[in-house]
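Under the numbering used here, think of the first position of the sequence shown as 17, with each following residue one higher.
The beta carbon of each residue, even a glycine, is placed where N, CA and C say it ideally should be.
Computed from a prediction, not measured in an experiment: that's the story for all the values here.
Let me begin by presenting the structure, written as structure tokens, before commenting on it.
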Amino acid sequence: MTSPSTVPTPKGTGTLVDNGALRHSRILGVGAYRPARVVMNSEIVDKIDSSDEWIRERSGIISRHFAADDESVIDMAEAASRQAIEHAGIAPEQIGFVLVATVTHPYQTPAAAPELASRLGSTAPAIDISAACAGYCYGVAMASDMVKGGSADYVLVVGVEKLSDFTDPYDRGSAFIFGDGAGACVIGPSDTPGIGPTVWGSDGTQRDAITQKQAWTDVRESWQSAQADKNVWPAIGMAGQTVFRWAVWGMAPVAQQAIDKAGIKADDLDAFIPHQANIRIIDAMVKQLKLPADIPVARDIVTTANTSAASIPIATTRMLAEKEIPSGGLALQIGFGAGLVYAAQVVVLP
Numbered sequence: 017m018t019s020p021s022t023v024p025t026p027k028g029t030g031t032l033v034d035n036g037a038l039r040h041s042r043i044l045g046v047g048a049y050r051p052a053r054v055v056m057n058s059e060i061v062d063k064i065d066s067s068d069e070w071i072r073e074r075s076g077i078i079s080r081h082f083a084a085d086d087e088s089v090i091d092m093a094e095a096a097s098r099q100a101i102e103h104a105g106i107a108p109e110q111i112g113f114v115l116v117a118t119v120t121h122p123y124q125t126p127a128a129a130p131e132l133a134s135r136l137g138s139t140a141p142a143i144d145i146s147a148a149c150a151g152y153c154y155g156v157a158m159a160s161d162m163v164k165g166g167s168a169d170y171v172l173v174v175g176v177e178k179l180s181d182f183t184d185p186y187d188r189g190s191a192f193i194f195g196d197g198a199g200a201c202v203i204g205p206s207d208t209p210g211i212g213p214t215v216w217g218s219d220g221t222q223r224d225a226i227t228q229k230q231a232w233t234d235v236r237e238s239w240q241s242a243q244a245d246k247n248v249w250p251a252i253g254m255a256g257q258t259v260f261r262w263a264v265w266g267m268a269p270v271a272q273q274a275i276d277k278a279g280i281k282a283d284d285l286d287a288f289i290p291h292q293a294n295i296r297i298i299d300a301m302v303k304q305l306k307l308p309a310d311i312p313v314a315r316d317i318v319t320t321a322n323t324s325a326a327s328i329p330i331a332t333t334r335m336l337a338e339k340e341i342p343s344g345g346l347a348l349q350i351g352f353g354a355g356l357v358y359a360a361q362v363v364v365l366p
């Protein structure tokens with residue numbers, strides 16, 4: 017890892033393609049929040065008849081953060097958002113839109129975003145995005161279009177999850193995978209292109225690969241008896257091998273398209289920040305993309321596990337703070353998950 021005393025500089029060999037927009041957009045600031053409680057694999061293994069070694073070999077995960085019982089998705093989102101707003105150098109009242117990517121806000125309605133906006137002192141329009149692990153990249157794309165189109169000057173994008181509330185601790189296939197946390201960015205106007213074209217899409221035929229086990233309506237009629245059965249709570253389940261194959265073989269081409277559409281080459285990148293799903297998926301994507309060895313790659317999954325929509329902004333914030341990647345450099349980010357959905361873009365780091 018780069019020494020904290022050394023400030024990395026961008027390669028400066030690539031410039032994002034200019035699509036002729038009336039004005040451009042870029043990420044102006046980022047922020048992140050990890051809950052205080054650190055949960056080691058040793059706390060997970062007994063309920064799934066597993067071992068620390070098995071979890072590390074299968075996923076790369078050593079530990080994860082769990083939020084406190086009274087710590088909500090909105091609490092975590094607020095902490096990350098305030099960091100991002102401060103980093104961007106703007107006032108909360110300048111925020112023109114709030115986008116919150118989450119699948120673990122426990123209310124069907126109202127959304128988390130309006131309450132977050134209120135806490136920040138804003139009355140901006142605010143909505144939640146349900147795009148699972150791709151939610152942050154979806155939000156970046158939407159916010160970028162808002163800024164370039166002139167419907168907002170500054171957009172707050174948040175990825176936040178409290179997955180510990182929706183994880184079955186007895187599910188051997190998923191109990192060890194998830195963690196809690198929040199990450200955020202502020203997107204605003206720029207004189208030059210700062211966010212490349214987004215490559216995104218979905219494959220609804222594989223909706224069962226990662227899914228809540230029951231619909232809320234299925235739970236309603238048997239709720240009283242269901243409370244005594246740990247298996248009835250509508251936790252999130254995952255067909256691990258299906259997701260692994262889809263991510264490894266399907267997402268590298270999407271990432272390559274994002275590089276191509278941005279008008280740069282892999283050699284121009286200063287960072288690769290993929291969704292933190294599995295260390296083996298990350299390593300396979302690096303190999304398939306033929307990324308140069310000098311490009312820093314986010315592997316925060318080791319200590320934060322899979323935080324779904326929060327994973328990319330959490331990693332970005334840490335890598336910038338630890339001077340692992342340069343301000344002003346080019347980063348390829350890609351999110352993919354339940355739906356199945358995906359999105360990738362090249363961005364200029366704040």
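It is roughly 21 Å from the alpha-carbon of G155 to the alpha-carbon of M335. If you draw a straight line from the Cα of T323 to the Cα of I77, it comes to about 12 Å. Judged by pairs of C-beta atoms under 8 Å, the region 314-334 touches the region 285-293, as three or more such pairs exist.
Within the model, the alpha-carbon separation for G189 versus P24 is close to 39 Å. In this structure, the CA atom of G47 is about 23 Å from the CA atom of P213. Contact check for G353 against A148 passes: the beta carbons are separated by less than 8 Å. When the five nearest sequence neighbours on each side are left out, the beta carbons in the same chain lying within less than 6 Å of the beta carbon of G45 are those of A100, H103, A104, V202, P366, in order along the chain. When secondary structure is reduced to three states using DSSP, P290 falls in the strand class. Exclusion of the five residues before and after D34 leaves P209 as the residues of its chain whose Cβ lies within less than 6 Å of its Cβ.
The closest CA to that of T29, considering only I71, G279, D299, G199, is found on G279. Taking 8 Å as the cut-off, the beta carbon of G199 is found closer than this to the beta carbon of A96. DSSP places L115 within a strand segment (E or B) once states are collapsed to three.
By a beta-carbon distance limit of 8 Å, Q304 does not contact V215. Their separation comes to about 15 Å. If the five residues before and after D284 are omitted, its C-beta is found closer than 8 Å to the C-beta atoms of K27, T29, G30, L346, all from its own chain and listed in chain order. If only complete runs of 4 or more residues are kept, the region 257-312 shows the alpha helix (DSSP H) at 295-305, in order along the chain.
The beta strand (DSSP E) runs lying completely inside the region 83-167 and spanning 3 residues or more are 113-117, 142-145, given in chain order. Going by C-alpha positions, D286 is about 24 Å away from W265. For V55, there is no enclosing alpha helix (DSSP H); the enclosing beta strand (DSSP E) has its first and last residue at 53-56.
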